[in-house]
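Colleague: In my numbering, the protein residues as written are 404 to 530.
Built from N, CA and C at the ideal position, the CB exists for glycine as well.
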Amino acid sequence: MLNSNSIESFINDRKKVSALIYDVLTQKISVLDALKQYPKNLSDPTLNAAFHALVHLEADEDLRKSDSLYKDEQDMYLEDIADVLAKGEALPCNVIEEYNKYYKDSLIYPNIDKKTVFQRLKKMINL
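Dropping the structure here:
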């Protein structure tokens, strides 16, 4: 069971992630910069799912350039995630479950740079 400090930490981390997502969507920072600043809270499934969504944004860069409908849908999806997190709330279970189907482990890790992000992506998609 979570204590009040843990709950407050989750809420604060979710609000921070919301701000990071908004900054990425408004092109104030890159996805890589957002991932570098990402909270290292591995016990919050909401933060893990939001992390996965950001990683997918970076991984889909070529598709986003060639398919404006896909880009718009992905941006709206991330904005919806950021709106929920801005309130400190958890993401809906179906969103979390969608990521849990494909990722047994959290993608959040302490040393983030372009090389390690791509290494982990390659591992996850078996390249």
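(1) Which residue comes first and which comes last in the alpha helix (DSSP H) that contains A452?
(2) Considering only C-alpha positions, which residue in the set T429, M479, L428 and G491 is nearest to K419?
(3) Spatial neighbours of E482 within its chain, please: CB distance less than 7 angstroms, with the 5 preceding and 5 following residues excluded, ordered by chain position.
(4) Could one say the Cβ of K474 lies closer than 7 angstroms to chain B's Cβ atoms, at least one of them?
(5) What is the DSSP secondary structure of K431, counted as helix, strand or coil?
(6) Considering only residues of the same chain and omitting the five flanking positions on each side of L460, which have a CB-CB separation below 6 angstroms?
(7) To the nearest angstrom, how far is it from the Cα of E411 to the Cα of A453?
Modeller: Let's see:
(1) On the sequence shown, position 49 is the one that residue 452 refers to. Note, A452: alpha helix (DSSP H), P448 to A462.
(2) Here residue 419 refers to the residue found at position 16 of the sequence shown. Of the candidates T429, M479, L428 and G491, the one whose C-alpha sits nearest the C-alpha of K419 is G491.
(3) Indexing the sequence shown from 1 puts residue 482 at position 79. Around E482: L428.
(4) Although the question refers to chain B, the structure presented lacks it and comprises just one protein chain.
(5) Numbered from 1 along the sequence shown, position 28 holds the residue referred to as residue 431. In this structure, K431 counts as coil in the three-state DSSP scheme.
(6) Here residue 460 is taken as the residue at index 57 of the sequence shown, counted from 1. Excluding residues within five positions, the ones whose Cβ falls inside 6 angstroms are V434.
(7) Taking the first residue of the sequence shown as position 1, residue 411 is located at position 8. Taking the first residue of the sequence shown as position 1, residue 453 is located at position 50. Each residue's alpha carbon lies about 18 angstroms from the other.
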